[in-house]
Amino acid sequence: HYGGVKAEILKNPDRGFDSDKVIHAWEEELGHIPGLVSLKLRGDDSGPPGRPLEIWLQGKDMGVLSASAEELIKEVRNIDGVSQVESDSRPGKNEIHFELKPSARALGLTVGDLARQLYSGFYGAEALRVQRGRDDIRVKVRYPREERGSLAELYKVRIRTPFGFAVPLRAVASLSYEPGFAAITRTGGLRRIAVSAALDSRKVSATEVVGNLQKGFFSKLKENHPGLSIAIRGEQKNTSESLRPLLTGFPLALVAIYFIIALSFGSHLQTLLIILTIPFSFVGAIFGTYLWGCPITMFSIFGVVGLTGVVVNSGIILIEGFNGFLSENIPFHVAIEKSAHIRFHSAFLVVSTDLFGTLPMVLETERQTQFLIPMIIGYCSGLVASLFLVMLLFPAMLIIMNDLRCFFRWLSTGQWPAREIVEPASVYYHLLPDEGTTALTPPTSVTQGES
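The sequence shown begins at 1 in this note's numbering and counts up one residue at a time.
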């Protein structure tokens, strides 16, 4: 009842196409095979085990779960890029189901009484134990072989009530003959059926499929089948579990970076300016990944997180140079221009060396390294974006920040100060105007070029 075919294809650089393309073409060519319980087309996968898409349906009634699974399978099959949709529920052997009638409860019978008497009659009830040497012999009593050899004999069974008299089985219970389940899986105390599918990553992702189902289908499915609960597993759950430590650790790392830089610069505004470049670099990484035509995966996020240190270092280098020039009594705009000009060389060297260093990995065609390409592309794209951010955005934001400082100083003193005076790195920053004076006047070399 079980068979398989294994096909070995050439390596990726030699064949010129992806193995997933072969799998989807093979499935389309096979079409529908009558009487087939399950058809699985798999390729060698170096990632974590499990299907890309897996949805758990949990509840107490297997009939409700089976009906829900059929509806879910039909819905998922209508999504483009989804293939090999199946559930782990398999029909078992035919079973006889007994359901207690209301009249039986009036006679004092319960489901336990019915099950116990039927089990004792056909399988046997222990009546005696005999110790024979070292052996313990159990003596069971049950119906004779001729009275339990056919289904017709089942209708002749009589059930004894708590009041002491016997009644026919069909008078207290209804019988139905239907297939059961090959296996019943339980998770967290509830019965479970898992619906899984394979995905074509060029057309759709697991996140998109789950998002489409959550828009209305899941709620409709729960309304039609009360007591049903739905859990997302597979690639979606693996991704969320991998990113959960990142969601807690990354903000703590940002807080630590903030306080370290603030202690070094002595300015919370300049530190905040450096931190604000991190989300801008993230946007550049996502945009570069999109232009490259590469999907955003869990490894792409890891690459973007690793980018944070490089972006922060570039910002620290530029602002440190700017503060150094101000402390040497160099005019404000000249200090920005010189710091951007000088620090461009170091930032450009960092970006260029990283790009050329990771280029061989991006051009690699071996299958074992393909999962690293999204991480490298995200890292390099954010790196290029950070170069323009540091060289263009930083000077503009430093000027805006200086305008705000001058404005608040004007509100407190009534005079518009020189730009250099309000900067933390300036030698005149800590000097306050005496009473009766109008404003601080720095040397001519400091205010050169100011109106």
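Glycine included, each C-beta is placed from N, C-alpha and C at the ideal position.
Measure the CB-CB distance between residue i and residue j and report whether it falls below 8 angstroms.
i      : j      : result
Gly43  : Val204 : no
Val172 : Leu100 : yes
Gly234 : Ala206 : yes
Arg126 : Lys140 : Here residue 126 is Glu; the residue named in the question, Arg, does not match the sequence. Yes, these two residues count as a Cβ contact at 8 angstroms.
Ile261 : Thr277 : no
Arg142 : Asp136 : no
His97  : Glu27  : no
Val305 : Ser386 : no
Ala69  : His225 : no
Ala194 : Glu75  : no
Leu190 : Gly63  : no
Gly227 : Ser300 : no
Ile342 : Val362 : no
Arg409 : Phe332 : no
Arg160 : Pro168 : no
Asp20  : Asp200 : yes
Leu269 : Met401 : yes
Pro424 : Ser264 : no
Ser103 : His24  : no
Glu86  : Ser219 : no
Pro374 : Ile296 : yes
Gly108 : Phe165 : no
Val22  : Ile9   : yes
Tyr155 : Arg132 : no
Could you give the DSSP three-state label for residue i: helix, strand or coil?
i      : result
His225 : coil
Ile33  : coil
Asn313 : helix
His430 : Residue placement at His430 cannot be trusted, given a pLDDT of 47 that sits under 50; the coordinates are not used to answer.
Val195 : strand
Glu320 : helix
Ala125 : strand
Trp56  : strand
Thr353 : helix
Ala335 : helix
Ile376 : helix
Gln117 : helix
Thr136 : The sequence given here has Asp at residue 136, not Thr. Three-state DSSP puts Asp136 in a strand.
Ala231 : strand
Thr187 : strand
Val5   : coil
Gln214 : helix
Gln370 : helix
Val130 : strand
Ile330 : coil
Ser451 : Low confidence applies to Ser451: its pLDDT is 33, below 50, so where it sits in the model is not reliable, and the reading given next is rough at best. Coil, per DSSP.
His421 : Before going on, a small fix: residue 421 reads as Ile here, not His. If DSSP states are grouped into helix, strand and coil, Ile421 belongs with coil.
Asp14  : helix
Ser19  : helix
Lys203 : coil
Based on Cα-Cα distance, which residue from the options lies nearest to residue i?
i      : options                           : result
Ile316 : Leu273, Asp88 and Arg202          : Leu273
Ser89  : Gly164, Ala183, Gln131 and Phe122 : Ala183
Gly4   : Gln131, Trp416 and Leu39          : Leu39
Tyr290 : Ile79, Cys380 and Gln58           : Cys380
Trp416 : Pro424, Cys406 and Glu423         : Cys406
Pro144 : Lys215, Ser120, Ser19 and Val209  : Ser120
Val351 : Lys215, Pro52 and Ser314          : Ser314
Gly35  : Ile159, Pro91 and Arg343          : Pro91
Phe217 : Leu72, Thr353 and Ser267          : Leu72
Ile232 : Val210, Tyr155 and Ser103         : Val210
Leu318 : Phe280, Leu389, Leu252 and Ile373 : Leu389
Trp292 : Leu107, Gly382 and Trp56          : Gly382
Leu151 : Phe122, Arg138, Phe163 and Phe17  : Phe122
Pro245 : Ile275, Pro279, Gly288 and Met298 : Met298
Met391 : Phe356, His345, Leu411 and Thr358 : His345
Arg186 : Glu337, Ile286, Trp56 and Ala396  : Trp56
His1   : Val422, Val37 and Ala198          : Val37
Phe181 : Ala115, Lys93, Ile330 and Phe250  : Lys93
What whole-angstrom Cβ distance do residue i and residue j have, given they're in contact under 8 angstroms?
i      : j      : result
Val384 : Gly303 : About 13 angstroms separates the two Cβ atoms, so there is no contact after all.
Phe348 : Ser339 : In fact, because the Cβ distance is near 14 angstroms, the residues do not count as touching under 8 angstroms.
Ser281 : Leu307 : 6 angstroms
Arg51  : Ala198 : 6 angstroms
Ala335 : Phe322 : 5 angstroms
Leu254 : Ile275 : 7 angstroms
Establish whether the CB of residue i and some CB of chain B are separated by less than 8 angstroms.
i      : result
Leu291 : The displayed structure is made up of one protein chain only, and chain B is not part of it.
Ordered list of beta strand (DSSP E) runs contained in the region 141–180, each at least 3 residues: 158–160 and 166–168
Alpha helix (DSSP H) segments (min. 4 residues) lying fully within the region 246–297: 268–292
Counting only runs of 4+ residues fully inside the region 55–107, write out the alpha helix (DSSP H) ranges in chain order. 62–77 and 102–106
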